[in-house]
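What follows is one structure encoded as structure tokens, with my remarks underneath.
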Amino acid sequence: MVHVIVHPGFHKTGTSSLQSWLGQNRRALKPYLSFYGKADFLTAGSAARIYGQKPYPWRLRAFRRSLDRFLGKIPDAPVIVLSRETFSGSMPGHRRFPGRLITGYRSVAVPLGQQIIAALQARFGADVQITFLYTLRDRESWIRSVYGHLLRSIHLRDDYDTFRARFPKLIDPRAEAEAIAKALGVTAHFVDLADVGHLPEGPAAAVLDLLGVPQAVRNALPSASRANTGQTQALEAEFLRMNRDSRDKAALKSAKDAMLKAAKDAGAAS
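Just so it is clear: in the sequence shown, position 148 is 148 by the working numbering, and no numbers are missing.
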């Protein structure tokens with residue numbers, strides 16, 4: 001029987017670090033799992049994100065077609081891990097067409113999850129074992145991280161207090177994940193980033209723990225580095241100023257990317 005672990009995020013819960021580490025070590029981990037992340041199914045991942053922003057039936061069907069094509073190309077394996085945070089939709093803080101603020105995942109994560117389950121059953125048989133794994137963090141640190149990400153990635157012009165006030169009924173990530181899993185009727189595991197982020201494998205430890213990968217194997221692998229980390233408060237303040245002053249989004253993105261690279265290089269050299 002094939003066992004598929006679906007890791008659908010959430011955003012800003014160590015997903016990039018998890019995907020990077022498992023991708024870099026996929027050969028060493030091959031006896032225990034076959035890993036597929038963002039770079040392996042860009043089309044399906046993008047289709048899921050677009051559905052999160054434009055939740056129309058034809059967008060959901062486009063996601064399913066893309067996922068079916070991807071699954072049809074991969075070989076059978078005893079354990080398969082699929083990790084992509086867009087499997088839960090778009091990051092809260094973005095806008096859903098025609099402009100409504102996205103404040104949670106459930107309304108799109110459930111239909112996306114249903115299609116994921118159906119696609120896996122169509123590909124691997126009705127008896128395929130499916131586990132959903134959610135990495136999570138506490139409510140306030142999560143929304144603070146979401147804000148920092150949006151500040152550097154889009155034309156966000158709110159200061160943090162204004163942004164936070166837009167979420168008067170902010171979701172609790174764990175409660176949201178539990179509700180989604182219950183609606184899907186799947187076996188699910190929930191792991192707090194605070195419990196695994198400090199481990200040598202970083203957030204990927206959640207996957208290794210779930211599969212019981214031997215400690216001796218884990219000890220022989222390189223330690224994880226943090227991916228997609230936040231910026232300093234000074235850089236965040238500068239991004240806010242730039243977002244408010246600039247109207248050329250392409251030039252703004254290029255300037256912010258250059259500043260982030262310079263900050264990263266300076267940190268590596270220190």
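Ideal Cβ positions, reconstructed from N, Cα and C, are used throughout, including at glycine.
Proximity winner among the options, relative to residue i (alpha-carbon distances)
{"i": "residue 32", "options": "50, 5, 54", "result": "5"}
{"i": "residue 87", "options": "164, 76, 105", "result": "105"}
{"i": "residue 112", "options": "127, 89, 126, 215", "result": "89"}
{"i": "residue 116", "options": "204, 145, 103, 82", "result": "82"}
{"i": "residue 199", "options": "188, 215, 211, 184", "result": "215"}
{"i": "residue 243", "options": "110, 51, 159", "result": "159"}
{"i": "residue 203", "options": "40, 248, 225, 102", "result": "225"}
{"i": "residue 213", "options": "14, 24, 28, 150", "result": "28"}
{"i": "residue 95", "options": "110, 137, 166", "result": "166"}
{"i": "residue 175", "options": "208, 138, 97", "result": "138"}
{"i": "residue 161", "options": "172, 144, 150", "result": "144"}
{"i": "residue 170", "options": "252, 53, 140", "result": "140"}
{"i": "residue 118", "options": "64, 254, 98, 76", "result": "64"}
{"i": "residue 168", "options": "93, 245, 253", "result": "93"}
{"i": "residue 248", "options": "155, 51, 223", "result": "155"}
{"i": "residue 41", "options": "70, 217, 24, 13", "result": "70"}
Beta-carbon contacts of residue i that lie in its chain and below 8 Å, excluding the five residues immediately before and after
{"i": "residue 263", "result": "231, 232, 235"}
{"i": "residue 131", "result": "3, 4, 5, 6, 186, 187, 188, 189, 210"}
{"i": "residue 178", "result": "188, 190"}
{"i": "residue 97", "result": "53, 54"}
Own chain, CB closer than 6 Å to residue i, minus 5 neighbours either side, in chain order
{"i": "residue 66", "result": "43, 44, 47"}
{"i": "residue 124", "result": "2"}
{"i": "residue 35", "result": "22, 26, 81"}
{"i": "residue 49", "result": "86, 90"}
{"i": "residue 129", "result": "1, 3"}
{"i": "residue 9", "result": "15, 85, 88"}
{"i": "residue 77", "result": "34"}
Segment limits, alpha helix (DSSP H) that includes residue i
{"i": "residue 134", "result": "Premise fails: residue 134 lies in the beta strand (DSSP E), 129-136, not in any alpha helix (DSSP H)."}
{"i": "residue 17", "result": "15-24"}
{"i": "residue 107", "result": "106-124"}
{"i": "residue 5", "result": "Element bounds for residue 5: not the alpha helix (DSSP H) but the beta strand (DSSP E), 3-7."}
{"i": "residue 70", "result": "57-73"}
{"i": "residue 36", "result": "No alpha helix (DSSP H) holds residue 36; the beta strand (DSSP E) holding it covers 34-36."}
{"i": "residue 83", "result": "No alpha helix (DSSP H) contains residue 83, which is instead part of the beta strand (DSSP E) from 79-83."}
{"i": "residue 46", "result": "42-53"}
Proximal residues to residue i (C-beta, below 7 Å), its chain only, five neighbours per side dropped
{"i": "residue 148", "result": "230, 231, 236"}
{"i": "residue 270", "result": "Note that residue 270 scores a pLDDT of 40, beneath 50, so its modelled location is shaky; the value from the coordinates is reported in the next line. So no residue of the chain qualifies."}
{"i": "residue 152", "result": "231, 239, 256, 260"}
{"i": "residue 211", "result": "32, 33, 79"}
{"i": "residue 19", "result": "37, 38, 83"}
{"i": "residue 172", "result": "139"}
{"i": "residue 110", "result": "180, 183, 184"}
Identity of the residues DSSP links to residue i by a beta bridge
{"i": "residue 100", "result": "96"}
Problem - Uninterrupted beta strand (DSSP E) stretches inside the stretch 153-238 (no shorter than 3 residues) - result: Counting whole runs of 3 or more residues, the stretch 153-238 contains the beta strand (DSSP E) stretches 187-192.
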